[in-house]
Structures are given as C-alpha cells and as structure tokens.
Amino acid sequence: MPRQSSNRPGILLLTVGTGNGQQREETLYRPLRRSIRQGEHQRVILLPSRVSETWAREVERDLADLQVAVQPLPEAGDEDDPDRCFAHFDRVLGQLLHGESLTPDQVEIDLTRGTKVMSAALALAALRHEIFRMRYITGQRDHQGMVIAGTETVQRFQAARITAARRLDQARQLMGHGQFAAVRTLLSDPDADGAGLWPDPFPDQVRAIRHLADFFQRWDRLDYAGAAAVLPLPARELLPEAWRRFLPDDLCRDWVRSLARPLPDRGDPDYCRAMAGHVSRLMTDLWANARRRLAAGQWEDAAVRAYRVLEMAGQVGLFRRGHDSGRLDPRDPVVAGFVARVENKGATPLGRNRDETLQAPREKAARLLKSMGDPLGGILLGLAREEEGFNVTLRNHSILIHGFQAMAPAEEQGLRDYLARLATELLCPLLGDDAAAWQTVARVPEFGE
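Numbering (the numbering used here), first residue to last: -1 to 447.
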C-alpha cells in the first residue's frame, strides 16, 4: 500500500484546457487561478496540451508569486490519445514520487479541465502511483451545463476504493499461482499502525483474505501444526465472491489437521502401524507440494521432494511390516539375514545407531522390502534407476544436496513426467483405495498447476 503520510507541503497538478475563446478570462484564467489559490500547495504543475500551452503560460505569469511549472503534452493531438496522455502524466508523476522522493499523499490532482481523455489519463496515472487525493471544480451551471463563473467550488474526493479493488484483483492472481506470502505483502494489515488505507467494506475482506493466505502459506511450507493452529478459516460470506473458490472444504481442513497430529510414541505397541498411516499422508502431501514447486519453476525443491517421496514410500512399506527403517532390530531374523547377504556381497552395510539398532537408507530399504518378497521393493528400485527421462538420483547432484550447480530448466518436463509416474506407479499401488482421494485433497486448490 502507499507510503506513510507526510506533513510536508503538497503539489497540485492540473490539466489545462482552452476555455471559451470568447470568454477566456471568465471560463479559463479566473477559475484556474481561483482553483490554484484554494489549498496550501508548495508547487503547482500545469499539464496543458500543445493547443492550451499558451494559456497555461499566461497563468504561470499571472501567478509569479507561486512556484508554478508548465509541462505540456509532447505533441500536438496528444490530448485525444489516451496512451500518449497517460505516458506523459505517468512520467511526470514518476519523477515527483521517485526522482524527488515525494510520497503519494503529498500530491493532489485536479481533473476539471482539458479534454476528457486528458482527465481520464491523469486519473489513471495517479491511481497507478496510488495517489488518491483528487478534486474537481463544480458550481452552478448554465443552460449549456457550463459552470457559471464566480460560483466555482472545489469538490475533493478520495479514489482509494478503486485502488483497493485493483489490489484485490492483483492479489487474487498471485493466490492462484500459490504466491501466498506475496498476497499478504500486497494486502497490508488493516489493523496495523498507519495502515488505515482500506475504505469500507475492504477491511473485513482483507482480514479474511490474509487469514486464508496465512493458512495456505503455512501448509505450503510444511508447517502443518501452524496451519492447523489458524483454523477455523473465515466465514464464506466475508470473502469477495471471486475469492470463495480458494476456501478449502471440510475434507481439506481435516486433512491438514491429520498432518498436524503429533508423531506416535515409539513405546506404543501400535507404533509401526500408526506411523505407516501418518507417513502415507505426509508422503502424499509432499508429492502435491512438489507439483507446486515445479509449477513455480523451483526445480531444485521439486526434485528434493520427489526423492523424499520415494524414500518415504520405502519407510511406509517397512512400517507396515513392523519395521522402522531408522531403528531396525539386528536380532530380527529377516533383518539379520539381509545384513548378512549385504556384507557377503561386500556392499556398504547398514548404518548403526548408538543403541546398536540399524538404519536402512532409501535404496537399502527398497532392497530389504524386496528380500521380504514385497513387490514395493521392486517398484522403488525401478523408479530410482537411471532412464532416458528424469532420474531422481540427480537430486544428489543438486546444489541443495551435494552438488555445485543448479538443475537445468531442461529437466522440467522430465520431472513433471516423473511426478506423474510417482502417482500412478507408486502412490496408487501403495495406498490403494485412499490414493485418489488423498491426492485430490492434497492438491486443493490446484495452485499454479
């Protein structure tokens, strides 16, 4: 939103027309001088066309006691070209706000004179720079609808509603692409000090939108407990109509709550079964998260997530069989037999914890499952083999893991295809009837996909 207000004197910009050629003093000079004198402006900038520049210069001379400047449109005929008018006014305002470091609230614009194209272009340029202070000269009108000389009054108004609505539209586009943090940055907190920039009815809408974006931002960064903590979400009627499609249903909210549950206690006799269910949900949600990272062009992050999905699947398979891949019992006959075969082949043995339990990383977990006759082992090994398409072990060469170069954008389609394979070749066989429903709820809404 606009920068904070300043107490410094302001600048008034006015479009300048031609007035009535027969009564230029009454219809142009006098009203223009009166308009300029109303208000405590440090500077005045007149914005005439090439046709009305002569009369603007006359006003400049008449008001020699004030700091008046004339910045006419560049070419004759520009006064009827909205794009050229806008470009000129935009440059003038940009120089004031950025070249001179003024704040939008220090600028006021007068839209009364000039062509309708000039007035509209100046208003649009002002809104682009979040200048809300506008005014228009009105008064008693004659039979032709012209303001009668001597009756002029300044009608001031704020254009904050227009900009507020535009910001909501911009924020909605960002939301649709999963840019949740950007939504909260663009829509400043109506309750923050100095942020009284949202006219009614926008404050309630902005609060609701920021709440919704906060929920999705926490979920998207895998902060499930944080996302669950901001539930319940705003009531549907608080959101603008165009935003209601983002409001998750009860299934989606329950999904996040399930992900936020504390991990089962290792001492619980039902620990492995409970972990199998919990990690299955985490794995599915991470798969959906990887799709969002890919849609956002974050290939490194998507690849790391794809690898972790593959690793989690092996952990789920072992949990279902009563084994914790991070704490395997070396006395278990199945585990002991597998370790013996690994060591006889001269392969890298399983890792060992301080309590003498063993660790099976991704590939070893897959081979352990295969040794048990579990078809999941073969699926996991197949999905990790180097193929013509994307190879998930490229993750090891990612700059986020062991490498020194980022993954090339050329991997995007291969990674997209690989995530699709994970869904059909891994998640569906592993999760059975739950797969489709879980994949759907984890992707609601399908931000940026």
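Ideal Cβ positions, reconstructed from N, Cα and C, are used throughout, including at glycine.
| What do you reckon, are the CB atoms on L10 and D103 nearer than 8 Å? | Their beta carbons are not under 8 Å apart, which means L10 does not touch D103 by this criterion.
| Is S369 close to chain C, meaning its C-beta is less than 8 Å from at least one C-beta of that chain? | In the structure shown, chain C does not exist; there is a single protein chain.
| query | By how many angstroms is the C-alpha of R89 removed from the C-alpha of R55? | reply | 21 Å
| message | If I follow the unbroken alpha helix (DSSP H) through H96, where does it start and stop? | response | Neither: H96 is in no alpha helix (DSSP H) and is coded neither H nor E.
| field | Three-state class that DSSP yields for F155 in the structure shown | value | strand
| Who are the near neighbours of R306 in its chain, counting only those whose CB is closer than 7 Å to its CB and skipping five residues on each side? | L284
| query | Quick one: Cα of R243 to Cα of M173, how far? | reply | 11 Å
| Which one of T282, Q156 and P197 has the shortest CA to CA distance from L428? | Nearest C-alpha to L428: T282.
| said: According to DSSP, simplified to helix, strand and coil, what is P262? | reply: If DSSP states are grouped into helix, strand and coil, P262 belongs with coil.
| When the Cα atoms are used, what is the spatial distance from S50 to V42? | Roughly 16 Å separates the two Cα atoms.
| said: Assess contact between the region 296 to 306 and the region 343 to 355, defined as three or more Cβ pairs (one per stretch) separated by less than 8 Å. Is contact present? | reply: no
| message | Comparing C-alpha positions only, which one of A294, P29 and H395 sits nearest to I135? | response | P29
| task | Would you identify the three-state DSSP class for D60, choosing helix, strand or coil? | result | The answer is helix: DSSP assigns D60 an H, G or I state.
| query | Who are the near neighbours of R360 in its chain, counting only those whose CB is closer than 7 Å to its CB and skipping five residues on each side? | reply | So the list reads L308, E309 and G312, once near-sequence residues are dropped.
| query | Does DSSP put I207 in a helix, in a strand, or in coil? | reply | For I207, the secondary structure class from DSSP, reduced to helix, strand or coil, is helix.
| For H39, does the three-state DSSP call read helix, strand or coil? | strand
| task | Would you mind sorting F155 into buried or exposed? The rule is 16 or more other CB atoms within 10 Å of its CB. | result | F155 is exposed by the Cβ-count criterion.
| request: Please report how far the alpha carbon of F130 lies from the alpha carbon of L195, in whole angstroms. | output: Rounded to the nearest angstrom, the two C-alpha atoms are 10 Å apart.
| Nearest-angstrom Cβ-Cβ length linking G450 and D372, presumed shorter than 8 Å | The first residue shown for the chain is -1 and the last is 447, placing residue 450 beyond what the model contains.
| said: Which of the three DSSP states is assigned to Q215 in this structure? | reply: Correct three-state label for Q215: helix.
| message | For P260 and A223, I'd like the C-alpha separation in whole angstroms. | response | 9 Å
| query | Among residues of its own chain, excluding the 5 on either side of V439, which ones have a beta-carbon nearer than 7 Å to its beta-carbon? | reply | L249, C250 and W253
| When the distance is taken between beta carbons, is P70 closer than 8 Å to S448? | Here the chain comprises residues numbered -1 to 447, so residue 448 is not present and cannot be evaluated.
| task | Return the chain-ordered list of same chain residues with a C-beta closer than 8 Å to the C-beta of I451, the five sequence neighbours on each side being excluded. | result | Any question about residue 451 goes unanswered here, given that the chain covers just -1 to 447.
| Top-ranked residue by Cα proximity to P443, from D431, D330 and H175 | H175
| query | Near L425, what residues of its chain come up, given a Cβ to Cβ distance below 6 Å and the 5 sequence neighbours on each side ignored? | reply | Within the same chain, and ignoring the five residues on either side of L425 in sequence, the residues whose Cβ sits closer than 6 Å to its Cβ are A433.
| field | Complete alpha helix (DSSP H) runs within the region 344 to 404 (minimum length 4 residues, chain order) | value | If we require 4 residues or more, the alpha helix (DSSP H) runs fully inside the region 344 to 404 come out as 360 to 369 and 373 to 382.
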